[in-house]
Each structure stands twice: as structure tokens, then as C-alpha cells.
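For the sequence shown, counting from 1, position 19 maps to 74 in my numbering; every step adds exactly one.
Don't be surprised by glycine CBs; every beta carbon is placed ideally from N, CA and C.
Structure, as C-alpha cells:
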Amino acid sequence: MALTRDTLKNIIGASLKAQLSEQVIGCDECLEMVDQFAEHILDGKEIPEALRLVQLHLEGCPPCKDEFEALLTALREMDGSQ
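Next up, the structure:
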């Protein structure tokens with residue numbers, strides 16, 4: 056069986072996610088870094104490893120995800136008004 060590029064990306068991604076899931080951050084720590092995470096998203100930049108824990112937290116925490124979505128909306132509106 057030949058490994059395709061997508062298969063390798065999935066394997067590496069799953070491995071990284073498993074490693075990161077062993078490390079957990081709480082809501083307070085997530086919200087301290089969510090602005091940096093939002094900037095990377097808006098700029099279309101790759102998410103650095105240091106912010107992947109924020110991404111994982113947002114995937115599993117609806118209240119923090121709501122805060123993140125509100126921040127993205129506000130930043131997009133600010134960017135559009137300039």
C-alpha cells in the first residue's frame with residue numbers, strides 16, 4: 056500500500072493532536088491567547104504549535120468558541136471600517 060500525501064498529513068495530524076490532547080489548557084489560559092490565535096486565522100497564517108492548544112480548547116469548549124467567534128467578528132468589522 057502506497058502512502059499518499061493526504062494519508063501522511065492525516066497520520067501526522069492525528070499524532071500531533073494525540074500529543075497535544077495530553078496537554079490541556081483551561082478557559083482562562085485560552086482566553087489570554089485567543090487574540091493571537093484570531094490574528095493568525097485572519098491573516099491566513101499557519102497556526103504555530105504554541106497556539107494549537109488554544110485551537111484544541113476551542114474545539115471542545117462552546118463558551119470559549121463563542122468568545123472567539125465574537126472576537127473574529129469584531130476584528131473583521133474593524134478591518135472593514137478602516
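(request) Within the same chain, show all residues whose beta-carbon is closer than 6 Å to that of Lys-120, passing over the 5 residues directly before and after it, in chain order. (result) Leu-113
(request) Rounded to whole angstroms, what's the CA-CA distance from Asp-61 to Gln-110? Just pull it up for me. (result) Those two C-alpha atoms are separated by around 21 Å.
(message) Can you tell me whether Lys-100 is helix, strand or coil according to DSSP?
(response) Residue state, collapsed to three classes: coil.
(message) Checking 8 Å against the spacing of the C-beta atoms, do Leu-130 and Ala-93 come in under that value?
(response) yes
(message) Taking the alpha carbon of Asp-83 as the reference point, which residue from Leu-97, Ile-66, Leu-108 has its own alpha carbon closest?
(response) Leu-108
(request) Decide if Leu-63 is buried, meaning its Cβ has at least 16 other Cβ atoms within 10 Å, or exposed. (result) exposed
(request) Would you mind giving the Cβ-Cβ distance between Leu-97 and Glu-122, rounded to the nearest angstrom? I have them listed as a contact below 8 Å. (result) No, Leu-97 and Glu-122 are not in contact; Cβ-Cβ is about 15 Å, not under 8 Å.
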